[in-house]
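See below for the structure under consideration.
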Amino acid sequence: MKNWAGNLEYSSADVRRPESIAELTDIVAAAPRVKALGSRHSFNRVGDTDGVHILLDALPQQVELDSAKGTVRVSGGVSYGALCRTLEESGVAIHNLASLPHISVAGAVQTGTHGSGVDNPSLAGAVESINLVRASGEQVTLTQADGDEFLASVVGIGALGIVTGLELAVRPSFRMRQRVLEDLPWDNALADFSTIVSSAYSVSLFTDYAGDRINQVWLKALDEEQPLANLFGATAALNPRHPLPDMSAENCTVQLDEPGPWLDRLPHFRHEFTPSNGDELQSEFILPLEHAPAALQAVRGLAGQLAPLLFVSEIRTGAADEFWLSPFHRQQSVALHFTWKPLQPEVEAFLPVLEEALRPFGARPHWGKLFTPDSHDWEKLYPRFADFRSFAARHDPDGKFRNALLDSILGVPARR
């Protein structure tokens, strides 16, 4: 069994598809090692196990709106695409979406996955409560009233239990417009970075770091927002664009400032487009927004080494949150995403070079993408990291939910 990108084969000796939560809890209680898988859109082994893999697709797929509370309860294995269609039919929305709507809610939240927008928190920011199955098979529900337990568990990187459901905050549905700018001069981008990334509800910049211009700027504006008057030396695209210049825009969401519902503008790719296994790899590093110009200059200095490895890089932003292992923990952030060519040995050899260039800026890697665990001082990057490690030791003393990657980050459980 492989992940979405096909770059890794999972190590599980046994794969189960429980049809009820009761069946799932029995599997968890009995298994010495166990992990859950959703859309398998992680590019590293954060979701791997050499024990039992639980696939969530046979469980009842719940999406239940509570209009009085302003929330929706959703099963962990539901995709954002399926969730959003149901919400839009009821006239409500969630605050943001990632670039691809096909990912599962639980996996995205657990790894700190995000969209863009200086005032928009990651997808975890919508979580009001979370349902977990602990190592003993016990089911627990944590809400914001549970304080530290909740803040540790929402972005839990799979180390504290299997997420079976979440309650997300919703808001009234809204309409948006999307436009693409091209050939933004780097000098202007660096000089006016904060203004540019704050110029619409969600802003993404796509670049290969070569030359003196950024390839594209995607502006996703609320219908009532005024279009950007100053293009900072860029030009407006006259036809729909794909983030990769040689790719057809057929599967991209509608552009050219045509108004439409939030779920058809916030992602880069259409809900009805089902991606095949992608011939690509991904990494991402999140750092304080104020360091963006200097960090981008540092990456530009590596352009020659990036060129043979990189399809494209996406630059996004996000609001601060309080989740202990969120890459956005207590900092408004810029996220530097790298879509790599399928050259895993070469990419993994280059990653320490990139990580070293970003180290002075306190860059935190995305938990579900490729990074070098030994290159990061986790306690320095995450003020509550030691507390999280203690939580993991208390709730999973035998390392039932661990794997080699999590052990390299959190340390080997004492009772293994």
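Going by this note's numbering, the letters in the sequence shown line up with residues -16 to 399, in that order.
Positions of the beta carbon are idealized from the N, C-alpha and C atoms, including for glycine.
What are the start and end residues of the beta strand (DSSP E) that includes residue i?
i           : result
residue 268 : 264 to 271
residue 198 : 196 to 205
residue 168 : 158 to 168
residue 294 : 293 to 301
residue 152 : 145 to 152
residue 48  : 46 to 49
residue 112 : 110 to 116
residue 37  : 35 to 38
residue 236 : Run containing residue 236: none; DSSP gives neither H nor E here.
Report, in whole angstroms, the separation of the C-beta atoms of residue i and residue j, which I expect to be a contact under 8 Å.
i           : j           : result
residue 99  : residue 187 : 5 Å
residue 245 : residue 91  : At roughly 17 Å, the Cβ-Cβ gap does not stay under 8 Å, so residue 245 and residue 91 are not in contact.
residue 35  : residue 10  : 6 Å
residue 336 : residue 288 : 7 Å
residue 37  : residue 57  : Wrong, their Cβ atoms sit about 18 Å apart, outside the cutoff.
residue 153 : residue 88  : In fact, because the Cβ distance is near 13 Å, the residues do not count as touching under 8 Å.
residue 25  : residue 94  : 7 Å
Taking C-alpha atoms, which residue in the options lies nearest to residue i?
i           : options            : result
residue 240 : -14, 206, 375      : 206
residue 7   : 129, 115, 355      : 115
residue 367 : 304, 351, 20       : 304
residue 193 : 43, 286, 54, 354   : 286
residue 29  : 275, 141, 183, 137 : 141
residue 128 : 112, 139, 118      : 112
residue 283 : 197, 53, 57        : 197
residue 346 : 363, 332, 330, 181 : 363
residue 19  : 105, 359, 60       : 60
residue 155 : 333, -12, 375, 53  : 53
residue 332 : 354, 316, 214      : 354
residue 249 : 228, 157, 220      : 157
residue 202 : 1, 161, -8         : 161
residue 146 : 46, 209, 123, 298  : 123
residue 408 : 180, 381, 377      : Residue 408 is absent from the model: the chain starts at -16 and stops at 399.
residue 40  : -1, 27, 68         : -1
residue 33  : 12, -8, 102, 121   : -8
Which two residues bound the contiguous alpha helix (DSSP H) that contains residue i?
i           : result
residue 411 : As shown, the chain starts at -16 and ends at 399. That puts residue 411 outside it, with no answer to give.
residue 320 : Note, residue 320: premise wrong, no alpha helix (DSSP H); beta strand (DSSP E) at 316 to 323.
residue 66  : 63 to 72
residue -3  : Element bounds for residue -3: not the alpha helix (DSSP H) but the beta strand (DSSP E), -3 to -1.
residue 122 : No alpha helix (DSSP H) contains residue 122, which is instead part of the beta strand (DSSP E) from 122 to 126.
residue 5   : 4 to 13
residue 189 : Per DSSP, residue 189 belongs to no alpha helix (DSSP H); it is in the beta strand (DSSP E), 185 to 190.
residue 378 : 368 to 378
residue 391 : 387 to 393
residue 282 : 275 to 283
residue 407 : Coverage of the chain is limited to positions -16 through 399, which leaves residue 407 absent and any answer about it impossible.
residue 336 : 327 to 341
residue 178 : 176 to 180
Would residue i be called buried (16 or more neighbouring beta carbons within 10 Å of its own) or exposed?
i           : result
residue 108 : buried
residue 259 : Only weak support is given to the placement of residue 259: the predicted model assigns it a pLDDT of 49, under 50, and the value that follows is read from those uncertain coordinates. It counts as exposed.
residue 164 : buried
residue 148 : buried
residue 50  : exposed
residue -10 : buried
residue 159 : buried
residue -4  : exposed
residue 386 : buried
residue -14 : buried
residue 212 : exposed
residue 221 : exposed
residue 174 : exposed
residue 130 : exposed
residue 369 : exposed
residue 290 : exposed
residue 1   : buried
residue 395 : exposed
Going by beta-carbon coordinates alone, are residue i and residue j separated by less than 8 Å?
i           : j           : result
residue 371 : residue 307 : yes
residue 318 : residue 267 : yes
residue 191 : residue 293 : yes
residue 176 : residue 276 : yes
residue 356 : residue 388 : yes
residue 48  : residue 73  : yes
residue 31  : residue 62  : no
residue 118 : residue 379 : yes
residue 217 : residue 183 : no
residue 351 : residue 96  : yes
residue 271 : residue 215 : no
residue 64  : residue 78  : no
residue 80  : residue 374 : no
residue 237 : residue 229 : no
residue 338 : residue 316 : no
residue 312 : residue 365 : yes
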